Amino acid sequence: MGLKIEHMILLWSLLLIPVLLVLFWIIQAGRRRKLGRLADPALVAQLMPNRSTVKPVIRFIFFLGGLLFLLLAVMNPMIGTKEKQMKTEGIDVIIALDISNSMRAEDLKPNRLESAKAAVDGLLNRMGDNRLGLVVFAGTAFTQMPLTSDYNAAQIFLDDISTGDIPAQGTAIGTAIELATRSFAETEGRGKAIIVISDGENHEDDAEAAARKAAEKGILVSTIGLGSTTGSPIPEYRNGTAIGYKKDRQGNTVMTKLNETMMKQIALAGKGIYVHGSGSDVGLDAVMSELGKLQKKEMDEVKYSEYDSLYPLFAFIALCFFVIESLVSNRSYQWTARMNLFNDKKNTAK
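Okay, here's the thing in structure tokens:
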């Protein structure tokens, strides 16, 4: 059963739910403290017999439920209703993207990392039947996204990448190539390639050896070098505000340079090509053009030709939650209040 979301970017709006939960808890706790300072809780209960402490919580739960389903409805999730077996022909490409601090350098605008992300985002619209994966690296490496042809999901994973994702700093290109190599399925006859996008300041491992091993397995390793060979300072930020440039222990501004020699050696060992990243595509188009010569293999893939929108269902559920929320009063039921009053009179008579 296939499921896709038309407006994936709106997934971020779901963060509103936990934010509202925290705000509600803070407000309720503040009210309890204020009432506690005014009078004893037992006296407050006598003075405000109709006040309910449970009803506001119940109302808020129904409100949150309504908001959740409303947000889901606006995203327009769709469920596949008609399967179709399709033949797809393409290659598998994993992009290994450097997210070390040096990628904040602004010799490419707005900076090296954002330029690379924009280029990969543009590539997604031209992937055709090719599959794409993402590996990110700094002092170590991890898989950001496994091989997929779901480019809507790929855009979400791509947008989420930042230089703060890996605390361990460095540029472990070899580790990234090894991880990418292990990520490929054992599919005979289907072209496989790794594209390393980095400034090449490798201080961690033997990237050439990793590229050579990948090439021995039939995986081409191409590289794109980002940045200037003359060097550029690395901006530093605090709470999103620029506070200057990174400095060494002697107080000198650290300059990060493109190590073009290293990037060329990796591409040579991996039997791929090297491109100096420039322009809006940072050289990706040139690399993909070269990869177009790789052998393509047909694969059977189940795709859905018809989808039904879940918008009406989720919108109806949201409406039900909001209606119930509006019917729940913050006051106690009148008959319970009368019962308490009746009991008080009997106790007084005794």
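Residue 36 in our numbering is what sits at position 44 of the sequence shown, and the numbering runs on without skipping anything. In this text, a Cβ means the ideal position worked out from N, Cα and C, and glycines have one as well. Remember, it's a predicted structure, so these values are computed and weren't measured experimentally.
- Taken in chain order, the complete beta strand (DSSP E) segments of 3 residues or longer contained in the stretch 66 to 136 are 69 to 82, 84 to 90, 123 to 129.
- When rounded, the separation of the alpha-carbon atoms in Ala203 and Ser190 is 14 Å.
- Counted as a single uninterrupted DSSP element, the alpha helix (DSSP H) harbouring Val279 occupies residues 276 to 283.
- Leu302: not part of any alpha helix (DSSP H); DSSP gives it neither H nor E.
- The stretch 213 to 241 contains, as complete beta strand (DSSP E) runs of 3+ residues, the segments 227 to 230, 233 to 237 (chain order).
- Annotation: Leu260 is outside any beta strand (DSSP E); the continuous alpha helix (DSSP H) that includes it extends over 252 to 261.
- Asp198 has its alpha-carbon roughly 28 Å from the corresponding atom of Lys285.
- Excluding sequence positions up to five before and after Gly264, its CB lies within less than 6 Å of the CB of Leu212, Val213, Ser214, all in the same chain and listed in chain order.
- Comparing alpha carbon positions, the residue from Lys205, Arg182, Leu150 closest to Ile169 is Lys205.
- For Ser190, DSSP records a beta bridge to Gly217.
- About 20 Å separates the CB atoms of Leu139 and Ile216; that is not less than 8 Å, and the two are not in contact.
- By the Cβ neighbour-count rule, Phe308 is exposed, with fewer than 16 other Cβ atoms within 10 Å of its own.
- In the structure shown, Gly243 adopts coil according to DSSP, grouped into three states.
- Looking at the backbone, the Cα of Ile165 and that of Leu7 are separated by about 34 Å.
- As a beta-bridge residue in DSSP terms, Val267 pairs with Ile216.
- Shown here for Asp157: same chain residues with a beta carbon closer than 7 Å to its own, the five before and five after excluded, namely Ile91, Val128 in chain order.
- Looking at the backbone, the Cα of Ile50 and that of Val66 are separated by about 25 Å.
- Shown here, Pro159 sits in coil according to DSSP, grouped into three states, outside any helix or strand.
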